[in-house]
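This report concerns only the one structure given below.
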Amino acid sequence: MSSRTDFKKLQTKLGLPKLDELESTFGFVLEEETQTPLQDVKKAIVDTFTAMQEVLEPILFLSEGSSPSHVFEAHALNDKRNAYAELYRKNHELRWRSLEAFFEPTDENVAKFIKECYAAWTKEFKPRMLELTKLMEKNWKEYSEEEEGTQRYLG
7 MSSRTDFKKL QTKLGLPKLD ELESTFGFVL EEETQTPLQD VKKAIVDTFT AMQEVLEPIL
67 FLSEGSSPSH VFEAHALNDK RNAYAELYRK NHELRWRSLE AFFEPTDENV AKFIKECYAA
127 WTKEFKPRML ELTKLMEKNW KEYSEEEEGT QRYLG
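See below:
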């Protein structure tokens, strides 16, 4: 039996989103012969949430060693910083939930994680991250070293 057929049975039993939707949302393709379709979907979701963390963390938490681009991008967040910090917090909450599903890997527990992440990603995370990319693109397009000075003060 194929992994897609296995997933379809689990989808019906556990109320999961369709595999095609999960694949297109989180940018993966389930391997045809996997023995662990739920775990493979969970891993793809965790990879997406890790990428989100890697984008947000350096611009939310500046340090003495922050790169000039991160300083510029943190300043570009300006009044939206708290909203993105909240998104970062929710991301970490779900990443800890993934560890719960890792340590207690029942089909029900992993399915609950997948459903929570799919809902969070489609309703909030993806739209907010796309908003962030447009904001940063706009700010970099308008960037002028003469206007900005050579570096912002971190103190």
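Residues 7 to 161, numbered by this note's numbering, are exactly what the sequence shown covers, in order. All C-beta atoms in this analysis are idealised placements derived from N, C-alpha and C, irrespective of residue type, glycine included. Being a predicted model, the structure only gives us computed values, none of them experimental.
Nearest-angstrom Cα separation, counted from residue j out to residue i
i    : j    : result
A80  : P133 : 19 Å
N84  : L93  : 15 Å
A82  : E130 : 21 Å
S73  : E151 : 15 Å
K147 : T139 : 12 Å
Q59  : E39  : 30 Å
T42  : K15  : 13 Å
Y90  : E37  : 34 Å
Buried/exposed call for residue i, threshold 16 Cβ in 10 Å
i    : result
F55  : buried
L136 : exposed
F13  : buried
Y149 : exposed
Proximity of residue i and residue j at Cβ, strictly below 9 Å
i    : j    : result
A126 : K96  : yes
R10  : L28  : no
E122 : L100 : yes
First through last residue of the alpha helix (DSSP H) which encompasses residue i
i    : result
S75  : P74 to L83
W102 : R87 to F109
W146 : K132 to E148
- Message: When you compare the segment 51-66 with the segment 99-118, are there three or more beta-carbon pairs, one atom per stretch, that lie closer than 8 Å?
- Response: yes
Inset, instruction - Count the CB pairs spanning the segment 116-125 and the segment 19-27 that are closer than 8 Å, and state whether there are at least three. - result: yes
Any contact of the segment 31-38 with the segment 62-77, i.e. 3+ C-beta pairs under 8 Å?
no
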